[in-house]
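**Student:**
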Amino acid sequence: MGVVMRKFLVFAFLFLFASPAGAGTLEGVTMPDTMQVGGKSLVLNGMGVRKKFVVKVYVAGLYLPSKMNSSEKILASDTERGLDMHFLHDVEKAKMCKAWYDGLKNNSPAKEAALKAQFDTLCSYMSDMGEGDKMTFTYVPGQGTTVSVRGKEKGTIAGKEFADAMFACWIGPNPPGADFKQGLMGG
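Under the numbering used here, the first residue of the sequence shown carries the number 68, and numbering increases by one thereafter.
1. Report all residues from its chain with a CB closer than 6 angstroms to the CB of Pro-208; omit the five preceding and five following residues, and keep chain order.
2. Can the beta-carbon of Asn-112 be found less than 8 angstroms from the beta-carbon of Met-135?
3. Pick out whichever of Met-102, Gly-106 and Leu-129 has its Cα sitting closest to the Cα of Leu-314.
4. With burial defined as no fewer than 16 other Cβ atoms inside 10 Å of the residue's Cβ, what is the status of Phe-75: buried or exposed?
5. Considering Cα atoms alone, identify which of Gln-249, Asp-100 and Gly-244 is closest to Ser-173.
6. Measure the alpha-carbon distance for Thr-101 versus Lys-219 and round it to whole angstroms.
7. May I have the straight-line CA-CA distance separating Leu-182 from His-153, to the nearest angstrom?
8. Taking only the alpha-carbon atoms, compute the straight-line gap between Gly-106 and Trp-237 and give it to the nearest angstrom.
9. Identify, in the order they occur along the chain, each residue of the same chain with its Cβ nearer than 6 angstroms to the Cβ of Met-202, setting aside the five sequence neighbours on each side.
10. Between Glu-139 and Phe-234, what straight-line distance do the alpha-carbon atoms span, to the nearest angstrom?
11. Measure the C-alpha to C-alpha separation of Ala-88 and Ala-177 and round it to an integer number of angstroms.
12. For Asp-157, which option in Gly-239, Gly-250, Leu-131 and Glu-198 has the closest C-alpha, if you only look at C-alpha atoms?
13. Quick check: what's the CA-CA separation for Leu-155 versus Asp-231?
14. On a CA-only basis, which of Gly-115, Leu-142 and Asp-187 is nearest Met-163? Give me that one, please.
15. Can you check whether the CB of Gly-115 is closer than 8 angstroms to the CB of Gly-239?
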């Protein structure tokens, strides 16, 4: 076997085993290629890193029934969805709550008053998050959006309208960053 072929095989071997098969990795965070939500297997649509100024706050992964690159179509569909957040930096509960309310105001202003009570409930589920902590949001039609913090289920908030407004905080017209949204959209 020639030197070129050996180098190619070594490179191919290293590439295959550099990260788990079928998983996404960003900023050292690896997410599985699927998530089980409501008895259905969702696929990792994309990953994005949320930055505040120069600080990398968290990596998020968006899970859908099939890959989609249109936030409008995602929000219009009444199908299972999931989002995992892996924190890279400490974030206080008060700052997360402010971000939720800002996201609602910036992405669903016509629904802000009608959804305030649900966002108050969402905020009550939040807690101070530290580096390495994880938060998960899953939506199941007819059941609502379940929030889990550090692997512990905090509660479920009913309604597609709430789910759409919450997911719009990440993928709506005014996301926390264009690169962040583009990452979640798979691009």
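Glycine included, C-beta positions come from ideal geometry on N, C-alpha and C.
**Tutor:** Straight from the coordinates:
1. Translated into the one-based positions of the sequence shown, residue 208 becomes position 141. Result list for Pro-208: Asp-145, in chain order.
2. Counting from one through the sequence shown, the residue named residue 112 turns up at place 45. Counting from one through the sequence shown, the residue named residue 135 turns up at place 68. Closer than 8 angstroms, so yes.
3. Because the chain is modelled from 68 through 254, residue 314 falls outside the range shown and cannot be assessed.
4. For the purposes of this step, residue 75 is taken as residue 8 along the sequence shown, with counting starting at 1. Its pLDDT being 40, under 50, Phe-75 is placed unreliably in this model, and the coordinates cannot settle the point.
5. Your numbering for residue 173 matches position 106 in the sequence shown. Note that residue 173 corresponds to Asn in the displayed sequence, not to Ser. That would be Gly-244, whose Cα lies nearest to the Cα of Asn-173.
6. Position 34 of the sequence shown, counted from the start, is the residue given in the question as residue 101. Position 152 of the sequence shown, counted from the start, is the residue given in the question as residue 219. Those two C-alpha atoms are separated by around 20 angstroms.
7. Along the sequence shown, read from residue 1 onward, the residue named residue 182 stands at position 115. Along the sequence shown, read from residue 1 onward, the residue named residue 153 stands at position 86. Leu-182 and His-153: Cα-Cα distance of roughly 26 angstroms.
8. Here residue 106 is taken as the residue at index 39 of the sequence shown, counted from 1. Here residue 237 is taken as the residue at index 170 of the sequence shown, counted from 1. Cα to Cα, Gly-106 sits roughly 24 angstroms from Trp-237.
9. What you label residue 202 is simply residue 135 of the sequence shown in a count that begins at 1. Once the five neighbours on either side are set aside, the close Cβ partners of Met-202 are Met-152 and Val-216.
10. Stepping through the sequence shown from its first residue, residue 139 is reached at position 72. Stepping through the sequence shown from its first residue, residue 234 is reached at position 167. For Glu-139 and Phe-234, the distance between alpha carbons rounds to 11 angstroms.
11. Here residue 88 refers to the residue found at position 21 of the sequence shown. Here residue 177 refers to the residue found at position 110 of the sequence shown. Confidence at Ala-88 is low in this model, with a pLDDT of 40, below 50, so the placement of that residue is unreliable and no value is reported for it.
12. Taking the sequence shown and counting its residues from 1, one reaches residue 157 at position 90. Ranking the options by Cα distance to Asp-157, first place goes to Glu-198.
13. Numbered from 1 along the sequence shown, position 88 holds the residue referred to as residue 155. Numbered from 1 along the sequence shown, position 164 holds the residue referred to as residue 231. Those two C-alpha atoms are separated by around 26 angstroms.
14. Counting from 1 along the sequence shown, the entry for residue 163 is found at position 96. It is Asp-187 whose Cα lies nearest to the Cα of Met-163.
15. Here the question's residue 239 lines up with position 172 in the sequence shown. Here the question's residue 115 lines up with position 48 in the sequence shown. Against a cut-off of 8 angstroms, the Cβ pair of Gly-115 and Gly-239 comes out as no contact.
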